[in-house]
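Residue numbers (full-length UniProt numbering): 1 to 223.
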């Protein structure tokens, strides 16, 4: 039998013994390595590449199409966002005045950009939409008063207001209904407050509330 056929027969016999759980004897042979020159000119590089790709290629796990994106996110994580509902601190000038009056229950009511309507002379009001409220600032009695009507109009509550100019004036807080919605508004002296403090459209303002002897006070801040 030819040497090549003899080797194939030995391999087949070994596989058959393995299936029957019989011991298989493996003869150790010295490893012979031939150079390209020894293989002869008929051995071409393309044969080497073909053999390598067929017998030596290591399978890789499937790669996600978005792997680069995931790697970029992990290498360059975005900065943590500001927690929802976090309230900015009120400036010291205001807190000094509030502390001097023994004020308490300080709350940020709203932070908003002034619109042209907020500064319209004929309107004379600053709107505080319910959907933009940062906190509930009215007591039960105050809510009842704002729902009462006189001559078809809702009643208002006179509230002391600390202005950006540090002056204290009185402004009227009212509940304003429009269509299917409603909002609070500061009226009566609003035009004077806006003019005295140089307020313009697109200015960012805050309205804060606090209590002095259980009475409602407000503070207007221009950012």
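Quick reminder that beta carbons are idealized off the backbone N, C-alpha and C, glycines included.
If distances are taken between C-alpha atoms only, which option among the options comes closest to residue i?
i	options	result
residue 126	193, 104 and 210	193
residue 175	143, 166, 195 and 100	143
residue 105	213, 133, 197 and 221	213
residue 221	210, 215 and 204	204
residue 121	208, 190 and 223	190
residue 114	215, 199, 209 and 108	199
In the DSSP assignment, find the unbroken beta strand (DSSP E) run with residue i in it and report its ends.
i	result
residue 125	125-129
residue 211	204-212
residue 164	Unbroken run through residue 164: none, as it is neither H nor E.
residue 187	181-187
residue 201	First-last for residue 201: undefined, no H or E at that position.
residue 220	215-222
How is residue i classed by DSSP in three states: helix, strand or coil?
i	result
residue 133	coil
residue 105	strand
residue 143	helix
residue 194	helix
residue 92	helix
residue 119	helix
Give every residue of the same chain whose Cβ lies closer than 8 Å to the Cβ of residue i, excluding the five residues on either side of it in the sequence, and list them in chain order.
i	result
residue 145	155 and 157
residue 211	103, 104, 105 and 217
Starting from the C-beta of residue i, find all residues in its chain whose C-beta is less than 7 Å away, skip the five residues before and the five after it, and write them out in chain order.
i	result
residue 123	117
residue 201	114, 115, 116 and 119
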